[in-house]
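Protein chains in written order, with the numbering used here: chain A, 112 to 359; chain B, 37 to 294. Using N, Cα and C, we set each Cβ at its ideal position, and we do this for glycine too. Source: prediction; values computed, not measured.
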């Protein structure tokens, strides 16, 4: 283990209990013995099919869920999930929502007030900012949410497929801003289904399958095997010594 | 992401302000409902007991107000708080936030409204002809004891409901029992046998209602021992719940999605 590791996960396991009926519960293991590490300054991708545990993993890293077992060693102070519309209240204006949302994401009230102008400008909502957000379209809400969330100043940023926000011009602007943030020494864990996006942004990638780490390694290598499996379900998957070496 | 205690307070009070604003925006009469809602409750009781059943004694309206206003505050705060963690699931699943934030916010919201209700109530008492004396200031320790009791019960109810959602039905029934068992619309001295009165006053809400009436209507100093006991036990429950939430905080995020 190098000292450059900002985060290390060892055998992290988490299960849910789902209430089915009268006193009947079912156990579901969302994360099963997850181990990998994150190096300072890198952008680490996480891929996998729906329901493989990607979002649960991000919630564990953000401190929202506590794992049942395993160890998470953290060499940084602030880890946060980039989520749109944190604490949004439909009755309040865009302005009030921007203030409380920014504060819930970690800034003081004074900082939130100082950021307000740039948030409003970035969201391109102009006079709509004084209207209750229940009158907004989903695209407008996403724009406001993104404009607030991108101000997050953290050591490790967790991103869960938020680049598909708003209309095409705003999406482009959002992606550019995100790229700037990712390229500015920010350590990022990026969850996505979009292969080209992950290949463009991430040096290394973790592939999750049914709550387990199937492979950790350079993004191109992981996608090569991932696509092979997608195309041929019968290919037997085993972590070879070579791919294991690639995982740090 | 709440960084420090100071940041926590700042977020709490900003959210409190915005929640009150948001709640008021949902209705046509907006902030007027803060006073209108308890007034309507009292009006219904007055109509039933004083007019229909002809049970009203002298000053029955004042007697009723002294019981009903504190009861409604307690009942609404605890009922709302019981569901607060489940209702806050959106935020709980987005950021790491201490869970007592939600029930405490509910109590703060209802208590802010209650400040105006009490202000209006005291003015009403004077307008009705009750003499304002220095003894009225003794209502402050009674209110303080009730705040502690409300926080303790709100934290307890909020902690249990996500584990056992069925608990919210028991709370509704419990509140009805409490209403009948706290002497809101009757005088326990006239209704109960003397040997049962001590047991009746072990119900902290009944005891608080008795103290409100004695301080405001009868010019009597409050029962310090009773207020002390209510405050002490409430404080102990608050400490206990605080330790509970510290230990189990992360469990709630998984409970609210079950």
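Top-ranked residue by Cα proximity to residue 239/B, from 172/B, 147/B, 220/B, 253/B: For the purposes of this step, residue 239/B is taken as residue 203 along the second chain, with counting starting at 1. It is 220/B whose Cα lies nearest to the Cα of residue 239/B.
Rounded Cβ spacing between residue 309/A and residue 159/A (contact assumed at less than 8 Å): As a working note, residue 309/A is residue 198 in the first chain. As a working note, residue 159/A is residue 48 in the first chain. Not really, about 11 Å apart at Cβ, beyond 8 Å.
Contact check, residue 296/A vs residue 152/A, beta carbons under 8 Å: As a working note, residue 296/A is residue 185 in the first chain. As a working note, residue 152/A is residue 41 in the first chain. Less than 8 Å separates the beta-carbon of residue 296/A from that of residue 152/A.
Residue 277/B and residue 195/B closer than 8 Å at C-beta: What you label residue 277/B is simply residue 241 of the second chain in a count that begins at 1. What you label residue 195/B is simply residue 159 of the second chain in a count that begins at 1. Inclusion of residue 277/B and residue 195/B in the CB contact set at 8 Å is warranted, their separation being smaller than that value.
Cβ-based neighbour list, residue 48/B, same chain, cut-off 8 Å, excluding 5 preceding and 5 following: As a position in the second chain, residue 48/B is number 12, starting the count at 1. These residues qualify, in order along the chain: 137, 140, 141, 144.
Within 9 Å of chain B by C-beta, residues of the region 197-220 of chain A in sequence order: For the region 197-220 of chain A, which is checked against every Cβ of chain B, the residues closer than 9 Å are 197, 198, 199, 200, 201, 202, 203, 207, 208, 210, 211, 214, 215, 216, 217, 218, 219, 220.
Separation of residue 281/B from residue 305/A, as counted between CA atoms: For the purposes of this step, residue 305/A is taken as the residue at position 194 of the first chain. For the purposes of this step, residue 281/B is taken as the residue at position 245 of the second chain. Each residue's Cα considered, the two are about 39 Å apart.
Segment limits, alpha helix (DSSP H) that includes residue 189/A: Position 78 of the first chain, counting from 1, holds the residue named residue 189/A. Annotation for residue 189/A: no alpha helix (DSSP H) segment contains it, and DSSP assigns it neither H nor E.
DSSP beta-bridge partners of residue 145/A: As a position in the first chain, residue 145/A is number 34, starting the count at 1. Note: residue 145/A sits in a beta bridge opposite 123/A.
Residue-level contact to chain A via CB, residue 37/B, 8 Å cutoff: One-based indexing of the second chain puts residue 37/B at position 1. True, the Cβ-Cβ gap to chain A drops below 8 Å.
Between the CA atoms of residue 318/A and residue 325/A - distance to the nearest angstrom: On the first chain, residue 325/A is found 214 positions in, with the first residue counted as 1. On the first chain, residue 318/A is found 207 positions in, with the first residue counted as 1. Those two C-alpha atoms are separated by around 5 Å.
Cα-Cα separation between residue 165/B and residue 253/B, rounded to whole angstroms: Here residue 165/B is taken as the residue at index 129 of the second chain, counted from 1. Here residue 253/B is taken as the residue at index 217 of the second chain, counted from 1. Distance between the alpha carbons of residue 165/B and residue 253/B: 11 Å.
Chain B contact for residue 192/A (CB, 8 Å cutoff): Indexing the first chain from 1 puts residue 192/A at position 81. It does: the Cβ of residue 192/A has a partner Cβ on chain B nearer than 8 Å.
is_contact[residue 77/A, chain B] using C-beta, thresh 8 Å: Since the first and last residues shown for chain A are 112 and 359, residue 77/A lies out of range.
Straight-line gap, residue 225/A to residue 152/B (C-alpha atoms, nearest Å): As a position in the first chain, residue 225/A is number 114, starting the count at 1. As a position in the second chain, residue 152/B is number 116, starting the count at 1. Near 33 Å, if we compare the C-alpha coordinates of residue 152/B and residue 225/A.
Outcome for residue 339/A when other beta-carbon atoms lying within 10 angstroms are tallied against a minimum of 16: Here residue 339/A refers to the residue found at position 228 of the first chain. Flag for residue 339/A reads exposed.
Beta-carbon proximity check, residue 250/A vs residue 278/A, cutoff 8 Å: Position 139 of the first chain, counting from 1, holds the residue named residue 250/A. Position 167 of the first chain, counting from 1, holds the residue named residue 278/A. Yes, the pair counts as a contact, with Cβ atoms nearer than the cut-off.
N- and C-terminal bounds of the alpha helix (DSSP H) containing residue 73/B: Position 37 of the second chain, counting from 1, holds the residue named residue 73/B. If you look at residue 73/B, you'll find it in the alpha helix (DSSP H) that goes 69-81.
Within chain A, the residues that residue 61/B reaches when beta carbons sit closer than 9 Å: Position 25 of the second chain, counted from the first residue, corresponds to residue 61/B. Neighbours of residue 61/B on chain A, chain order: 202, 203, 243.
Residues of the region 158-186 of chain A with Cβ closer than 8 Å to any Cβ of chain B, in chain order: Per Cβ criterion, the list reads 170, 173, 174, 175, 176, 177.
7 Å CB neighbourhood of residue 161/B in its chain, flanking five on each side removed: The count along the second chain starts at 1 and reaches residue 161/B at position 125. Closer than 7 Å at Cβ, skipping near neighbours: 98, 252.
Span of the alpha helix (DSSP H), counted from its first residue to its last, around residue 215/B: To locate residue 215/B, count along the second chain from 1; it is residue 179. Run containing residue 215/B: 203-217, per the alpha helix (DSSP H) assignment.
Pairwise C-alpha distance: residue 161/A and residue 311/A: Counting from one through the first chain, the residue named residue 311/A turns up at place 200. Counting from one through the first chain, the residue named residue 161/A turns up at place 50. When rounded, the distance between both Cα atoms is 21 Å.
Neighbourhood of residue 163/A by C-beta, 8 Å cutoff - its chain only, sequence neighbours within 5 removed: Taking the first chain and counting its residues from 1, one reaches residue 163/A at position 52. Once the five neighbours on either side are set aside, the close Cβ partners of residue 163/A are 319, 320, 321, 322.
Members of the region 198-214 of chain B near chain A, C-beta cut-off 9 Å: Answer in chain order: 201.
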